[in-house]
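J.: I have a structure here, written as structure tokens, and I will follow up with some questions on it.
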Amino acid sequence: GFAAEAEEAALAVAGVTNSSGAGAGWGRSGVALVTREASGGGFAGSYAGTSCSISCSVLAGEGTAMERDYDYMTARHGQDLEGASAIGRRAGEKAVKRLHPRKVRSQSVPVVYDPRVSGGLVGHFAGAISGTSIARGTSFLKNDMGHAVFAKEISIVDDPHMKRGLRSKPFDGEGVRNGRMLLVEDGRLTTWLLDSATARQLGLATTGHAARGTGGPPAPAPSNLYMEAGCLKLKELIADIKQGLYVTELIGMGINGVTGDYSRGASGFWIENGEIVYPVSEITIAGNLKDMFLNMTPADDLEFRHATNAPTIRVEGMTVAGT
């Protein structure tokens, strides 16, 4: 099957010593929503979707010098999945590239986020504009509606009607009509993410962002959220970096939603004179999301592989602490 094919391709990569497992899956889901209002009105609607995925995780190296890495892909349609052997081979190559990481001394440098982790920055932004945080007054962006919160070239979109999007849906968790929205336009914050309850608290109208499971009330959440691509190739994005960090993995959740303070464990590769030169690990990166958002530059390599997506993102002047 696909899982065995992915694992076989990963184990064929020179330097890969063991498999941590591979998987392939397929599923179908459906949502039916019926609401009733006191006035006698209500809503009834349903939709269905499929999803399929392939994943592979492997080890490279021996003994205490072992490194693990992975690759995976999820799509609505099987024909949109990459080949299993390509996913496995990439997992193997990534693990081998991580071998013999070095430490770095503490310094302030540009940090470049690989697309595998850059979506997390967009996710932190979505949390900060969630109606729940705004209504409670617990967001570092609570006073920034209409203001420039990102660099001017950045726009962020939420599109529940994206064709074959992993979180596409024709209506939200309260039966409200939804649609594509620009959350950030040319750096400027244009909307909160609201459901009916948080909209009422703020004296606003719902934005169609209610999300719900089978138990518990709805809460605001984005659908297919992404940062639009910039115009620089990765090579151009890092060309003028004398010393910097290229992050491929983040560890821990050191985010303060009230202040925007940001601190995460990280590993990846060191950048010297515009080139990615060697693997590094056991690093902490720190900054404040407000400053980070204003000092971001996106590359042109946006791909839709996750529910929240972003291209490679460069952030100026972050604190990188070695151990």
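If you read the sequence shown in the numbering used here, its first letter stands for residue 1, the second for the next number, and so on. Quick reminder that beta carbons are idealized off the backbone N, C-alpha and C, glycines included. Keep in mind the model is a prediction, meaning the values are calculated, not measured.
Would you mind working out which of THR190, ARG89, CYS56 sits nearest ALA3, comparing C-alpha positions?
T.: Looking at the Cα atoms, CYS56 is the closest of the given residues.
J.: Helix, strand or coil for ALA89, going by three-state DSSP, please let me know.
T.: Sequence inspection shows Arg at residue 89; the Ala mentioned does not correspond to that position. ARG89: helix per DSSP, three-state reduction.
J.: Using DSSP with H/G/I as helix, E/B as strand and the rest coil, what is ASP80?
T.: ASP80 falls in the helix class under three-state DSSP.
J.: If ALA44 and VAL34 are in contact, beta carbons under 8 Å, what's the gap, nearest whole angstrom?
T.: About 5 Å; that satisfies the 8 Å criterion.
J.: Judging by CA-CA distance, which residue of ILE87, GLY216, THR190 is the nearest neighbour of ALA9?
T.: Checked all of ILE87, GLY216, THR190; the closest Cα to ALA9 is ILE87.
J.: Relative to the C-alpha of ARG264, which residue among GLN79, THR284, ALA32 is closest?
T.: If we check each option's Cα against that of ARG264, THR284 comes out closest.
J.: Cα-Cα, which of ILE238, ARG164, GLY215 is closest to VAL52?
T.: Per the sequence shown, the amino acid found at residue 52 is Cys instead of Val. When only C-alpha atoms are compared, the closest one is ARG164.
J.: Once you ignore the five residues that flank GLY30 on each side, which residues in its own chain have a CB closer than 8 Å to its CB?
T.: Around GLY30: SER46, TYR47, ALA48, GLY49.
J.: Where does the unbroken beta strand (DSSP E) through ARG264 begin, and where does it stop?
T.: Note, ARG264: beta strand (DSSP E), 261-272.
J.: Helix, strand or coil: which one does DSSP assign to ILE313?
T.: ILE313: strand per DSSP, three-state reduction.
J.: Please give me, in chain order, every unbroken run of the beta strand (DSSP E) with length at least 3 that falls completely inside the stretch 94-154.
T.: Entirely contained in the stretch 94-154, the beta strand (DSSP E) runs reaching 3 residues are, in chain order, 107-113.
J.: Provide the residue span of the alpha helix (DSSP H) that contains SER39, from first to last.
T.: No alpha helix (DSSP H) holds SER39; DSSP gives it neither H nor E.
J.: For ASN143, count neighbouring Cβ atoms within 10 angstroms of its own Cβ and tell me buried if that reaches 16, exposed if not.
T.: So ASN143 ends up on the exposed side.
J.: Would you say ASP301 and PRO115 are within 8 Å of each other, going by their C-beta atoms?
T.: Yes; because the gap between Cβ atoms is below 8 Å, this pair is in contact.
J.: Exposed or buried, what is SER108 when buried is set at 16 or more other beta-carbons lying within 10 Å of its beta-carbon?
T.: Exposed, because fewer than 16 other Cβ atoms sit within 10 Å of the Cβ of SER108.
J.: Hey, how far is the Cα of VAL247 from the Cα of VAL320?
T.: Distance between the alpha carbons of VAL247 and VAL320: 11 Å.
J.: For ALA91, which residues from the same chain have a beta carbon less than 7 Å from its beta carbon, with the 5 sequence-adjacent residues on both sides left out?
T.: If we look at ALA91 and ignore the five residues flanking it on each side, its Cβ neighbours are ALA10, CYS56, SER57, VAL58, ASP69, TYR70, ASP71.
J.: Would GLU282 and LYS94 be called neighbours here (beta carbons separated by less than 8 Å)?
T.: Cβ atoms of GLU282 and LYS94: not closer than 8 Å.
J.: For a test of the three-state rule: what should DSSP assign to GLU67, helix, strand or coil?
T.: In the structure shown, GLU67 sits in a strand (DSSP, three-state: E or B).
J.: For TRP270, collect the residues of the same chain with a Cβ closer than 6 Å to its Cβ; drop the 5 residues on either side in sequence, then sort them by chain order.
T.: Taken in chain order, the residues that qualify are VAL277, TYR278, VAL280.
J.: Can you tell me whether MET162 is helix, strand or coil according to DSSP?
T.: Coil.
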